[in-house]
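Remember, our numbering sits 1 above the position in the sequence shown when you count from 1.
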Amino acid sequence: LVSQSYVVEQPPAVTANVTNINHVDCFGQADGSINVNAGGGTGMLTYNWSGGLPNTPNPTNVAAGNYNLTVVDENNCTVTINNIQVTQPPNLTVTLDDVVNESAAGDDGAISISVGGGSPGYTYLWQGPGGPYITQDLTGLNAGTYNLTVTDNNDCIKTLSVEVDKPLTVLLASVTNACFEENNGAIYVDVSGGNQPYTYNWTGPGGPYGVEDLVGIGGGTYNLTVTDANNDMVSLQVNIVEPANPFTINTFIKTNVSAPNVCDGFITINNTTGGVPPLTYSWSGGQSGPSISNLCVGTYCVTITDANGCTVEQCFEVEFVPVPLFVLNNETQDINCFGNTNGKWQLSIEGGIPPYTFTFSDGVVVPSLSGAVTRNNLPAGPISCTITDSFNPPQELVVDTDIFEPAQIGLASVLIYPETDGVNEGAIDITVSGGVVPFSYLWDNGFLGPDPFNLPEDCFSVQIVDGNGCVFVSDPICVPKLEVAGSNVTDNFCSSDLDGAISFTVGGGINPPLTYTWTSPSGQTFQTSTPSANGLASGTYQVVITDNLGVSTPPVAIEVGFTSEITATAQVVTNYNGVNVSCPNAQDADLVASASNGQAPYSFVWSNGTTGANNPNVGSGTYTLVAIDALGCIDSTTVDVVAPKPIDVQADIVPISCIGEGDGEIELAVTGGTPGYSYKWNDPLQQTGNPAVMLDNGIYTVTITDANGCNFFEAFLIQEPDSLRVKMESTADGGSGNGTLTALVTGGNAPYSYDWNVPGSANSSTVGGLSPGEYFVRVTDAGGCSIVVSGFVSNGAIDCLEYRTVITPEGDGWNEEFLINCLDLYDQHRLEIYNRWGQLVFESTNYGNDWKGTNASGEDLPEGAYYFVFEYRDSDGKIKQKKGHITLIR
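Written out as structure tokens, the structure is:
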């Protein structure tokens, strides 16, 4: 056996560690480096970098990032270094915050910047007008380009170029105002500064416009907004003045020459409108100024130019004009009376050149050197005269006139007021036409004046003389008598008929239309337009005739008679204790009819359809009877059938004082029907009196019968108050007898009184100064109903949920309810009660210490033992249960 020992050796472990990291100087560059020291292993080591780094132990030009290195020997043994972090500073940023351009004042531009990122410790170098500058922000700058270089602590660089502009300005170069409605105005502007190109926006009449200068515009306000390439704006407002009125020569004076070969004419322009001063004048003859003189016969034109260059032209004729013919006197004398020919015309003229020729329209020609002519004995009517002078060519003047004559005297109107009662009440009222005022009057009865009065029935004439002495005599004017000349009457057959008629003839009705006013036997008035009336009742009628002038006759009486006058009578023959029917809706009244003063036999018709003298078995109401006699004459009457008023009952109800007492009452106050009432109640006692007493809770009916046997039925409700319920709230005794109990009462009738079993306690819902234990209170309401309840006062150290183990609900107010102490301390609780077989017989959420041994339907449970579960939420919010036994004794 040969043995040999061998030693198996292992190479040293491959090791590697990072000896140095040079981080990136500027954001986004790749100037970092990593130095690694590796050893151990077998043979040559190789380096495998992540992120594309060269496989060397000390890579350079490394960008920021997270790198992993694996070192491998020739036996493929490895070591790995993870998460080699090469960092870089934040990106160096330069933000332009604000640029203030240079204003018109100059040297007031400004640049504000913000610098961030990189490596703090920044330096600034500005190049531009007036530079260089080394501050962060610049002020007091002129317009120009400013270039900024920011260098951080790692020599990282950021540049920025900022332009400070000159102010955008617009200047008004020239303005040409416009002439009236000629659109020849113009605006020229000069724009500079800002950054071109510029845009132009003009607003105003006819706008908008997008050009620099406006030409060919009318008057108005024009607003220009110039915007440069930087969106800077400048505005300008220009008013172009345009006259409100056209440029015209308003007034002037022109004087012609005094003779054909004399140069003494002149022209003066007094006033122009629409032009803008100052004005210049240029005349066709070379003169200037508003006036020119020493003018001969001819045409002279002027051109007037105003301050806006607007012009107006007008030409004037200077001539020789003789004085025109004109009337100096024109008088006529009219004819005095109708039909005469004694008219006269005196006519004289001046002007022109004498002698003159007067040619009249009736063919008469009269020459005159003086220019005055008189014509006599002219008839009435129009006449004209044509006058010519000796000028070449002759001037002509035509004069027209009229020779008037008064109209023929006559009577324009004659009003005759007739006589009516035989005492000379007639009158005549005349109106004269034609002639000449004033007039005089003479009537053949000696009356002087136009309107004679107090005239009898007769005829009269009048002589009228006008102011020129012309005479007129009238034909006779007759005054008649207005009267009823004769009448014809048609009588009625029955006294109630409306068949009567009256007609009559009228005398003296010369002033139509006539109206006829009638007064009936009853005093009513009516009018007709003819002397007749129809459909008349019997009786005496008065009629008055009135003509169109208001003349009225005295009343004339005319009688309309009748043949028969029937009278109907109806009466009730039944009596039920002072009324006609027994009950309000009964049909047991009898009516009887009769008639008189007519022709027998009579027939009768009732409004309910019954015929004959008897109308039996009718109800209450008004009935109409119509009676007809043998001649057919009719009369009607009415009769009232009176029924008793309906029975009405007002009840005074006394409710039950306490639950179960049965002491309710109903007392009735009865009206209507026929007094002598009897009562029948449906209560258990079948009471027959008023009031009904000893009533329990419920609905009761009563039948009331009056003296005529009429019945009335009514129902009433007797109520009992809600049962008294008391919830006890307590505060614990702190050890010095300071516990309290408060009785919270519902039901019954307030107010309540309180009787505590605490000596010296007041009539109050709260009692204090209590030591731990059970206390009782009797609560009595306003109706005398009472209940006894108990409550517990704890000492704060014992279980507050003590309970009664035995209850005796016998109605005596003591030990009636199952009581759990301190319920008021628990805002959520529930009670369940089970019988000895485990059946749930009662449950209550937020129990109020009011269980008296009944089931859920309120029925009494038998005596015996019961089990309860009381679930509640304690002060910590936890749900807990209290369980126990109860003994029920009756």
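Using N, Cα and C, we set each Cβ at its ideal position, and we do this for glycine too.
(message) When you compare the CB positions of isoleucine 821 and tyrosine 835, do they come within less than 8 angstroms of one another, or not?
(response) Result no, Cβ atoms of isoleucine 821 and tyrosine 835 do not sit closer than 8 angstroms.
(request) Using the DSSP secondary-structure output, state which residues sit across from isoleucine 559 in a beta bridge. (result) BP columns for isoleucine 559 point to Tyr542.
(request) Below 6 angstroms CB to CB, which residues in the same chain sit around aspartate 636 once its five sequence neighbours on both sides are set aside? (result) Spatial neighbours of aspartate 636 in its own chain (CB-CB distance under 6 angstroms, excluding positions within 5 residues in sequence) are listed in chain order as Ile567, Thr568, Ala569, Ala628.
(message) Between which two residues does the beta strand (DSSP E) holding alanine 716 run?
(response) Its beta strand (DSSP E) spans residues 712-719.
(request) Determine, using beta carbons only, whether glycine 41 comes closer than 8 angstroms to chain C. (result) Although the question refers to chain C, the structure presented lacks it and comprises just one protein chain.
(message) Tell me the rounded alpha-carbon separation between aspartate 346 and proline 383.
(response) Looking at the sequence shown, residue 346 is not aspartate but tryptophan. Proline 383 has its alpha-carbon roughly 11 angstroms from the corresponding atom of tryptophan 346.
(request) Excluding the 5 residues preceding and the 5 following proline 555 in the sequence, name in chain order all residues of the same chain whose CB lies nearer than 8 angstroms to its CB. (result) Only Thr421, Asp422, Val545 meet the Cβ criterion.
(request) State the Cα-Cα distance for the pair glycine 785 and serine 658, rounded to the nearest angstrom. (result) Their backbone Cα atoms lie some 7 angstroms apart in a straight line.
(request) Check whether the region 100-116 touches the region 142-159, counting contact only when three or more Cβ pairs, one atom from each stretch, lie closer than 8 angstroms. (result) The region 100-116 vs the region 142-159: in contact.
(request) Measure the C-alpha to C-alpha separation of serine 845 and aspartate 851 and round it to an integer number of angstroms. (result) About 10 angstroms.
(request) Name the one or two DSSP bridge partners that phenylalanine 793 has. (result) Phenylalanine 793 is bridged to Glu775.
(request) Starting from proline 617, follow the beta strand (DSSP E) in both directions and report where the run begins and ends. (result) Residues 615-619.
(request) Give the secondary structure of aspartate 877 by DSSP, where H, G and I count as helix, E and B as strand, and everything else as coil. (result) Aspartate 877 falls in the coil class under three-state DSSP.
(message) I want to know whether the region 382-399 touches the region 443-463 - three or more CB-CB distances under 8 angstroms.
(response) At 8 angstroms Cβ cutoff, the stretches do not touch.
(request) Go ahead and label glutamine 5 buried or exposed: buried means 16 or more other beta carbons lie within 10 angstroms of its beta carbon, across all protein chains shown. (result) With fewer than 16 other Cβ atoms within 10 Å, it is exposed.
(message) Can you look up leucine 370 in the DSSP assignment and give me helix, strand or coil?
(response) Leucine 370 falls in the coil class under three-state DSSP.
(message) Quick check on tryptophan 127: buried or exposed, where buried means 16 or more other Cβ atoms within 10 Å of its Cβ?
(response) Around the Cβ of tryptophan 127, a 10 Å sphere holds 16 or more other Cβ atoms; the residue is buried.
(message) I need the DSSP call for leucine 824, collapsed to helix, strand or coil.
(response) Helix.
(request) Using the Cα positions of threonine 274 and valine 366, report the straight-line distance between them to the nearest angstrom. (result) Threonine 274 and valine 366 have their C-alpha atoms spaced approximately 53 angstroms apart.
(request) To the nearest angstrom, report how far apart proline 532 and asparagine 343 are at their CA atoms. (result) The straight-line gap separating the alpha-carbon atoms of proline 532 and asparagine 343 is approximately 57 angstroms.
(request) Taking only runs that begin and end inside the region 574-624, name each unbroken beta strand (DSSP E) of 3 or more residues, in chain order. (result) Segments of the beta strand (DSSP E) lying fully in the region 574-624: 590-597, 604-607, 615-619.
(request) Just the C-alpha distance for proline 394 and tyrosine 357, rounded to the nearest angstrom, thanks. (result) Whole-angstrom Cα-Cα distance: 13 angstroms.
(message) Can you list, in chain order, the residues of its chain with a C-beta nearer than 8 angstroms to that of alanine 892? Leave out the 5 residues immediately preceding and following it.
(response) This structure does not reach residue 892, given that the chain is present from 2 up to 891, and the question cannot be answered.
(message) Give me, in chain order, the residues of the same chain whose beta-carbon lies closer than 8 angstroms to that of histidine 886; leave out the 5 immediate sequence neighbours on both sides.
(response) Excluding residues up to 5 positions away in sequence, Thr806, Ala866, Tyr867, Tyr868, Phe869 lie with their Cβ nearer than 8 angstroms to the Cβ of histidine 886 in the same chain.
(request) For alanine 590, count neighbouring Cβ atoms within 10 angstroms of its own Cβ and tell me buried if that reaches 16, exposed if not. (result) By the 10 Å Cβ count, alanine 590 comes out buried.
(request) Could you say which of His24, Gly774, Thr529 lies nearest to alanine 65 if we only look at CA atoms? (result) Looking at the Cα atoms, His24 is the closest of the given residues.
(message) With distance defined between alpha-carbon atoms, name the residue in Gly194, Asp233, Ile188 nearest to glycine 219.
(response) The shortest C-alpha separation from glycine 219 is found at Ile188.
(request) Go ahead and label serine 434 buried or exposed: buried means 16 or more other beta carbons lie within 10 angstroms of its beta carbon, across all protein chains shown. (result) Result: exposed.
(message) Considering Cα atoms alone, identify which of Thr732, Asn598, Gly510 is closest to glycine 774.
(response) The residue with the shortest Cα to Cα distance from glycine 774 is Thr732.
(message) Using a 10 Å radius around the Cβ and a threshold of 16 neighbouring Cβ atoms, would you call threonine 675 buried or exposed?
(response) Buried is the label assigned to threonine 675, since at least 16 other Cβ atoms lie within 10 Å of its Cβ.
(request) Over the uninterrupted beta strand (DSSP E) stretch that includes proline 60, give me the two end residues. (result) That residue, proline 60, is in no beta strand (DSSP E); it is neither H nor E in DSSP.
(message) Contact defined as beta carbons within less than 8 angstroms: I believe valine 466 pairs with valine 472. What is the distance between those atoms, to the nearest angstrom?
(response) Here valine 466 really is in contact with valine 472; their C-beta atoms are around 5 angstroms apart, less than 8 angstroms.
(request) Alpha carbon to alpha carbon, how far is proline 656 from glutamate 721? Give it in angstroms, no decimals. (result) Taking the straight line joining both Cα atoms gives about 6 angstroms.
(request) Please name the residue, chosen from Ala408, Asn257, Gly221, that lies closest to lysine 319 on a Cα-to-Cα basis. (result) Checking the sequence, you will find valine at residue 319 rather than lysine. Put simply, of Ala408, Asn257, Gly221 the residue whose alpha carbon is nearest the alpha carbon of valine 319 is Asn257.
(request) Report the option in Gly699, Pro325, Ile270 whose CA atom is closest to the CA atom of isoleucine 293. (result) Per the Cα distances, Ile270.
(message) isoleucine 250 and valine 313 - do their beta-carbons sit closer together than 8 angstroms?
(response) Contact flag set, yes.
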